[in-house]
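*Asks:*
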Amino acid sequence: MSKVYIFLAEGFEEVEALMTVDIVRRAGISMEMVSVTEEKRVTSSHGIVLEADSLYEEINPAEADMLVLPGGMPGTRNLAAHKELVEQLKAFHRTGKKLAAICAAPSVLGAHGILEGKKATCYPGFEKELIGAEVVKEPCVVDGNVITARGLGAAVEFGLAIVEQLLGAEKAAKIKEQIQFL
């Protein structure tokens, strides 16, 4: 079974995170919400408190098939400040393992050369932070081992892209039909 970690920092965008978790779990993929704070309870950018499944220190990110970053502010900046997470993102990039980021979070990948030579998208205003990428204005972009999406409005497509990358187009189509994403 595929294993995915989605990382939550103070100020994350709750719908981007939860929509992604919902879709990926519907597909039967093990997706664990991981707090990069010192507590499992993490407050979103809109003041909604969510309890993560684990703390960063309790997991081994290298065991995952994919690492996922939700956007939101200041959540994106807080993810970027987590040194151990950034090292894991770079390690995944070096070995060709899968990464996904939505909204402002692709900027974390861009800051570390992970988007170099790839097509990528992000929330408007963060394009300059996608260093080395060919920036496109599409809701969701898959280029090799990296998935990026523009924001909350693309969260369903983002989740479906993760499912497709891990389980194939047929499974993603089944989930799309199941949730009535027409």
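So the sequence shown is numbered by the working numbering: it starts at 4 and just counts up by one.
Idealized CB from N, CA, C, for every residue including glycine.
(1) Less than 6 Å between C-beta atoms, sequence neighbours within five positions excluded: which residues of the same chain meet that for Ala107?
(2) One question on the structure: do Leu112 and Gly135 come within less than 8 Å of each other, judged by their Cβ atoms?
(3) Taking the straight line between their C-alpha atoms, what separation do you get for Thr124 and Thr23?
(4) Can you look up Leu169 in the DSSP assignment and give me helix, strand or coil?
(5) Looking only at its chain, what residues have a beta carbon closer than 6 Å to the beta carbon of Leu53, apart from the 5 residues adjacent to it on each side?
(6) Given Val27, which residues of its chain have a CB within under 7 Å of its CB, disregarding the five upstream and five downstream residues?
(7) Count the other C-beta atoms from every protein chain shown that fall within 10 angstroms of the C-beta of Ile178, then say buried if there are 16 or more, exposed otherwise.
(8) Measure from the alpha carbon of Ala20 to the alpha carbon of each residue in Ser5, Ser38, Gly31, Met4, then state which is nearest.
(9) Report all residues from its chain with a CB closer than 6 Å to the CB of Ala104; omit the five preceding and five following residues, and keep chain order.
(10) Tell me which same chain residues have a C-beta within less than 7 Å of the C-beta of Thr40, skipping the five on either side of it?
(11) Buried or exposed: which applies to Ile51, given that a residue is buried once 16 or more other Cβ atoms fall within 10 Å of its Cβ?
(12) Take the Cβ of Leu88 as the centre, count every other Cβ of all protein chains shown within 10 Å, and call the residue buried at 16 or more, exposed below.
(13) At 4 residues or longer, what runs of the alpha helix (DSSP H) sit wholly inside the region 66 to 138?
*Replies:* Taking the definition as stated:
(1) Once the five neighbours on either side are set aside, the close Cβ partners of Ala107 are Gly74, Thr79, Tyr126, Phe129.
(2) The Cβ atoms of Leu112 and Gly135 lie no closer than 8 Å to each other.
(3) Just so you know, the alpha carbons of Thr124 and Thr23 end up roughly 17 Å apart.
(4) Of the three classes helix, strand and coil, the one that applies to Leu169 here is helix, per DSSP.
(5) Closer than 6 Å at the Cβ level, and outside the excluded window around Leu53, lie Val45.
(6) Answer for Val27: Val7, Met34, Gly162, Ile165, Val166, listed in chain order.
(7) So Ile178 ends up on the buried side.
(8) If we check each option's Cα against that of Ala20, Ser38 comes out closest.
(9) A distance below 6 Å between beta-carbons, with the five flanking residues on each side excluded, links Ala104 to the following residues of its chain, in chain order: Leu72, Leu112, Thr151.
(10) So the qualifying residues of the chain are Ala12, Glu13.
(11) Exposed is the call here.
(12) Of the residues assessed, Leu88 falls on the buried side of the cut-off, its CB having 16 or more other CB atoms within 10 angstroms.
(13) Here the runs fully enclosed are 78 to 83, 86 to 98, 109 to 113.
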